Every structure is written in C-alpha cells, then in structure tokens.
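*Asks:*
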Amino acid sequence: MLFWIIILFAAEVLSQGSPRRNLLEACSNDAECPQDSKCTIRGCDGSICLCRGNKIPNLNYTKCVSFAEIGENCTGSGVCRPVSSRCDHVMGACACQNGYSPSSSNNRVVYCKQKPLLSTSTSFSLLNEQCDDLRLKCSPENHLQCVKGVCVCSSGYINASMEIINAYPFNVVQCVPVNFSIGIKIERTNVLAQ
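Mapped onto mature numbering (1 follows the signal peptide of the UniProt record, and there is no 0), the consecutive letters of the sequence shown carry residue numbers -17 to -1, 1 to 177.
1. Output the boundary residues of the beta strand (DSSP E) element that contains Ile141.
2. Counting beta carbon pairs with one atom in the segment 20 to 29 and one in the segment 150 to 170, are three or more of them shorter than 8 Å?
3. If you follow the alpha helix (DSSP H) that residue 202 is part of, which residue opens it and which one closes it?
4. Taking only the alpha-carbon atoms, compute the straight-line gap between Glu55 and Gly29 and give it to the nearest angstrom.
5. Could you spell out where the alpha helix (DSSP H) holding Ile148 opens and where it closes?
6. Near Val174, which residues of its chain fall below 8 Å by C-beta distance, leaving aside the five closest residues on each side in sequence?
7. Just verifying my parser: in three-state terms, what is the DSSP assignment at Pro17?
8. Where DSSP assigns a beta bridge to Tyr83, which residues make up the other side?
9. Would you list, in sequence order, the uninterrupted beta strand (DSSP E) runs of no fewer than 3 residues that lie entirely inside the segment 20 to 85?
10. Short check: CB of Ala143 to CB of Cys158, under 8 Å?
11. Taking the alpha-carbon positions, what's the Ser108 to Val73 distance?
12. What's the C-alpha gap between residue 263 and Lys131?
13. Looking only at its chain, what residues have a beta carbon closer than 6 Å to the beta carbon of Cys121, apart from the 5 residues adjacent to it on each side?
14. Give a single yes or no on whether His126 has its beta carbon closer than 7 Å to a heavy atom of the ligand MN.
15. Check whether the Cβ atoms of Val66 and Ala51 sit closer than 8 Å, and answer yes or no.
16. Can you check DSSP and say which residues form a bridge with Arg92?
17. Give the straight-line distance between the Cα atoms of Pro17 and Ser164, rounded to the nearest whole angstrom.
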C-alpha cells in the first residue's frame, strides 16, 4: 500500500512540471515561466522570465499584460508602460503622474520625466531632446551626451531596440552598450539597472 502511495505522489509531482517563477526571476527553461513569457538571457542578469512580444509584467510580476503608452486609451487594461505614469480614468488615457511631464523627444517610447522644482533648476533631457550643458543637461544615467544641442547616445552606446526597451519594462532605457543584445550574456562591467 505504501508503495502505491509513493508512486501516486511521484506521478503528481512529475505532472506539475517545473516550479513556476515570477516574471524577471531567474529560470532555466520556458516551462518555468508564466504564460506569454519565455526564459531568456538578459545581459548580465543571466536567464530570466521575460514577456513575449509587446507585453509587460503586471504589478505583482505573475503574468504578462498588454499596456498603453502615454496618450493611448487605457480603460481596458488600466496598465500604462512608462515609469511614473498612470491611467487617468477621467481622460481614459495614460498620463504622467503629478510632478512629471512627457518627454518631448522624437522616440518610439514617450517617457515621463520629473519636472524641475524651480524654473532656475537644472533639467535633465532624454534622447533626442534639446540640451545646452548649462540648465538642460543630458541624463547621465541614460548614457547620453550633448552633441550640437541634442542628446545622443554616448560613445560606446547605441539606441536601444524595442525588444531591449520591453525587456526593462520599469526603467528608462534609451542607450545600451554596443555589445548588448537580448539572448547574449555580457559581463557586469556594462550593467543596465533592473
């Protein structure tokens, strides 16, 4: 009798497959990841569960969800992509949180950036935005430099692809090391924040 109980228990454990991981957690194969995600190498993070296609993790990292960009309708999902954004249910569209404004750059993704506290304060510009190195400085944490009055990727960095931007859903990722690619492990010397 004990033998059959052990066999049934083992069969139950095997039928459950690999233990589930949350999104952005370490994994060893796709079966460990939630639906609509895959186990993929993300730079120096190693293999983690990343959403497929044009989806991002929900707030508790348990499933991949569709999202809206700044100005797009968010009444269905209620999920807005950019950091410091929210679904404005009065307007029915994604908007920047109080104290933030949409980036004015000509990019694929509109980010919300913090407004300067005073009109005389230094403001940080994002990719393709105007700069002057005095009061309008390029955001250093985004690996940007001011060239001829416009923020561009610093030497050794290139514009991030949509695949890379989607792999870092809760960060402002604009420029990445030239050797960075999703699916290829890189050394920790050129780290992107998680």
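Glycine is no exception: its CB is placed at the ideal position from the N, C-alpha and C atoms.
As the structure is a prediction and not an experimental result, all values here were calculated from the model.
*Replies:* Looking at the atomic coordinates:
1. Ile141 -> beta strand (DSSP E) spans Tyr140 to Asn142.
2. yes
3. In the structure displayed, the chain extends from -17 to 177; residue 202 sits before or after that span and is not available.
4. 33 Å
5. Met145 to Ala150
6. Because the pLDDT of Val174 is 48, which lies under 50, any placement of that residue in the model is unreliable, and the number read from its coordinates should be weighed accordingly. Answer for Val174: Gly26 and Cys27, listed in chain order.
7. coil
8. Gln97
9. You should have 20 to 24, 30 to 34, 68 to 71, 76 to 79 and 83 to 85.
10. yes
11. 29 Å
12. Any answer about residue 263 is impossible in this case: the structure gives the chain only from -17 up to 177.
13. Ser108, Cys114, Leu127, Gln128, Cys129 and Cys134
14. For the ligand MN, the structure offers nothing, since it holds no ligand at all.
15. no
16. First, the residue type needs correcting, since residue 92 is Val and not Arg in the sequence shown. Beta-bridge partners assigned by DSSP to Val92: none are found.
17. 23 Å
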